[in-house]
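Okay, structure first, notes after.
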Amino acid sequence: MNESLKAFLALNQAVTLIHSNDDQSLELKQSATDLSQSIQLCTDEMRQSAVKLEQLLKNCYQDLDQAEEVWNSKAGILSIPKDEIWEQIAQISNIDVRIRNLRKKCQIEVLRELKESWTNQVTELKRQWFTEKNTGKPKQEAGLSDKEGLIKGLEKELIDQNRQIILAIKHNIEFLDKELSNFNINLLESHISYYQIKDKNNLLYKISNFRYNRNFLFYVKGNVSKPLIDSVKASWDAFVRDSFLVIKREQFNVFSSIVLFFIESSLLSRLDECFDLAISTLMFYLTFYNDLLEKQNRYEQEIPQKWQAEKQSLDQLRSQIDKVQTEIDTILNSISTS
């Protein structure tokens with residue numbers, strides 16, 4: 130490209146000489162003017178091409194910078210003690226086991242306690258409102274005089290059960306959060322700092338995203354949720370509407386069973402999203418350390434001569450790109466001053 134530029138500059142100089150020579154004919158000077166315009170079009174095109182090439186060359190520099198970052202990160206990655214990595218992996222595994230055990234406890238013991246609590250309250254309401262006062266025998270419906278008391282009692286138990294669910298969720302989320310807090314996240318972030326910028330920023334962004342979701346799911350969402358009340362609202366409205374004059378025992382039993390179902394779904398769905406986030410976070414940590422170990426093992430097998438050869442290759446590539454940039458600068462400067 131520079132050879133073509135030299136030729137155009139020489140042509141332009143020759144044209145200028147023709148114009149400045151008073152001995153030249155008008156016809157020759159007109160031809161020189163036409164040629165000058167054509168040369169200008171050529172140099173304009175060359176300048177535009179050089180500007181575009183300069184923009185494209187920036188991508189080459191970015192790719193080369195990234196390649197050099199990868200090369201420079203090798204020494205940092207190898208400097209991380211393997212004992213630290215294995216301690217982090219062991220910590221992740223231990224926390225994962227405890228979290229999965231806590232999840233099973235919630236799915237079995239905590240859920241059973243809540244269901245038993247509701248069943249006991251339902252039994253008490255049946256004893257109070259579906260039992261003949263004189264004979265003590267069960268009756269099949271609560272009459273008009275009993276209906277209001279039964280509905281108020283049932284509503285009170287729903288509110289209490291909702292409170293128990295919220296407390297159970299809060300209590301177990303606190304346990305879950307405490308387990309996650311046992312992991313040394315600061316050490317993880319220090320290990321990430323040895324990665325090249327692109328990978329490092331991507332990993333740190335994911336950690337930041339996990340932190341945000343953890344805070345939202347564990348503390349923000351739970352503070353505004355009414356798990357049971359919201360879930361049974363439609364069934365409750367239908368139950369009250371259908372109990373216009375009397376409340377049949379069968380109606381009461383059906384609604385009680387619906388509540389049992391929603392006790393399970395409202396508890397487990399709320400906890401499941403928290404446990405899923407916790408486990409996926411741990412798996413992300415584990416994946417990072419597996420990748421780190423793989424990199425260390427691979428880099429350890431590379432001989433010093435290979436590292437030096439890679440560095441020389443990168444230096445040569447930068448030198449070649451710099452030469453192209455120098456030629457572009459020459460073109461732009463020459464055309465702008467011509």
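Counting from 130, one number per residue, gives the positions in the sequence shown under the working numbering. By construction, the Cβ of each residue, glycine as well, lies at the ideal position given by its N, Cα and C atoms. All values derive from a computational prediction rather than experimental measurement.
Unbroken alpha helix (DSSP H) run spanning residue i, endpoints
i	result
residue 356	356-371
residue 387	378-429
residue 248	240-258
residue 268	Careful: residue 268 lies outside any alpha helix (DSSP H) and carries neither H nor E.
residue 375	Residue 375 -> no alpha helix (DSSP H), and no H or E assigned at all.
residue 234	211-234
From the options, residue whose alpha carbon lies closest to that of residue i
i	options	result
residue 385	227, 350 and 250	250
residue 242	346, 296, 304 and 418	296
residue 211	442, 460, 420 and 450	420
residue 438	172, 200, 167 and 178	200
residue 220	311, 181, 289 and 197	311
residue 369	236, 277 and 252	277
residue 233	444, 401, 446 and 379	401
residue 230	342, 431, 305 and 418	305
residue 342	357, 403, 283 and 285	403
residue 288	361, 317 and 263	361
residue 453	222, 181, 224 and 394	181
residue 265	282, 440 and 255	255
residue 459	167, 169 and 179	179
residue 197	442, 225 and 399	442
Residue i classed as buried or exposed, judged by whether at least 16 other C-beta atoms fall within 10 angstroms
i	result
residue 347	buried
residue 414	buried
residue 267	exposed
residue 172	buried
residue 410	buried
residue 291	buried
residue 388	buried
residue 407	buried
Beta-carbon separation (whole angstroms), residue i vs residue j, contact threshold 8 Å
i	j	result
residue 324	residue 208	In fact, because the Cβ distance is near 13 Å, the residues do not count as touching under 8 Å.
residue 333	residue 321	6 Å
residue 206	residue 435	Not really, about 16 Å apart at Cβ, beyond 8 Å.
residue 270	residue 376	6 Å
Counting only runs of 4+ residues fully inside the region 304-361, write out the alpha helix (DSSP H) ranges in chain order. If we require 4 residues or more, the alpha helix (DSSP H) runs fully inside the region 304-361 come out as 314-321 and 326-344.
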